[in-house]
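Reading through the C-alpha cells given below for one structure.
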Amino acid sequence: SPSSPVALPPFFMRGSIIQLADGELKRVEDLKTEDFIQSAEISSELKIDSSTVERIDCGQSPNAVLIQFSVGELKAQVCVEVLVEYPFFVFGQGWSSCCPDRTTQLFELSCAKLCVGDVCVSLTLRSLR
Amino acid sequence: NVEPRSVPVFPWHSLVPFLAPTQSD
Chain E
1 SPSSPVALPP
11 FFMRGSIIQL
21 ADGELKRVED
31 LKTEDFIQSA
41 EISSELKIDS
51 STVERIDCGQ
61 SPNAVLIQFS
71 VGELKAQVCV
81 EVLVEYPFFV
91 FGQGWSSCCP
101 DRTTQLFELS
111 CAKLCVGDVC
121 VSLTLRSLR
Chain L
1001 NVEPRSVPVF
1011 PWHSLVPFLA
1021 PTQSD
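Note that the protein sequences, when read in sequence, are chains E and L.
For the first sequence, my numbering assigns the number 1 to the initial residue and increments by one for each residue that follows.
For the second sequence, my numbering assigns the number 1001 to the initial residue and increments by one for each residue that follows.
Structure below.
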C-alpha cells in the first residue's frame, strides 16, 4: 500500500516529554488515565469528556479511517478521519489505535487495538460562565 | 551518543482530541 509521509504530531513518539497541568513531567508512554483526569480538573478552560467509539470505517485514503464517536452525556455524534496509526487514550486501558502494529512501528508506542465500544479520553471547552 | 541540550516539552492537552467543543451562555 502507498505509504505517504507521516505528518502525525511528534509528541506520540515514545520518550516524548509531556507536561501535566500541575507541572509534572511524564513520558508519553507512562501516562495514566488519572493524569488526564487530574490535569483537566486543574484546567480552567478544558474539561474531560468521554467519547465512545460507535463505528470505524475505511477513510478516503488508504491509510485513513473514519471513526464515529458518541461524545459526552449528550451523546453528540462526531466523526473524525485520522490515519490508522493515530493513537487515542482509552479510559483504564491506555493508548489504542486502529492499527497498533503500525503505531508501534512508527512511534515505538505500545498500543492496544481500538475497538467499537472503547471509551476514549476527549476534551471539551468549559463554559465561560 | 550526543545528549540533546534541550528536549521539547509538550502540554498534556496536545495528546487529546478536542471533540464537540461546547459553548453555552
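Beta carbons: idealized from backbone N, C-alpha and C, even for Gly.
Secondary structure in the stretch 32–63 of chain E: the alpha helix (DSSP H) runs of 4 residues or longer, each lying completely within the stretch, are 33–42 in chain order.
Look at L:Pro1011 here: in three-state DSSP terms it is strand. Note: E:Thr124 is bridge-paired with E:Lys47 in the DSSP secondary-structure output. Taken atom to atom, the span from the alpha-carbon of E:Leu109 to that of E:Thr103 is near 6 angstroms.
Inter-residue distance for E:Ser16 and E:Glu73 is about 32 angstroms (C-alpha atoms, whole angstroms). Under the Cβ distance rule, L:Ser1014 counts among the residues neighbouring chain E, one pair being separated by less than 8 angstroms. Three or more beta-carbon pairs drawn from the stretch 37–52 of chain E and the stretch 21–29 of chain E are found closer than 8 angstroms, and the two stretches are therefore classed as touching. Cβ contact annotation for E:Phe69 (same chain, cutoff 8 angstroms, sequence separation greater than five): Ser51, Thr52, Val53, Glu54, Gln77, Val78, Cys79, Val80, Cys120 and Ser122, in chain order. Interface annotation, E:Phe89: in contact with chain L, CB-CB separation under 8 angstroms.
The C-alpha of E:Val71 is placed about 9 angstroms away from the C-alpha of E:Thr124.
In this structure, L:Phe1010 and E:Ile18 form a Cβ contact; the two beta carbons are roughly 5 angstroms apart against a cut-off of 8 angstroms. Secondary structure of E:Phe91 (DSSP, three-state): coil.
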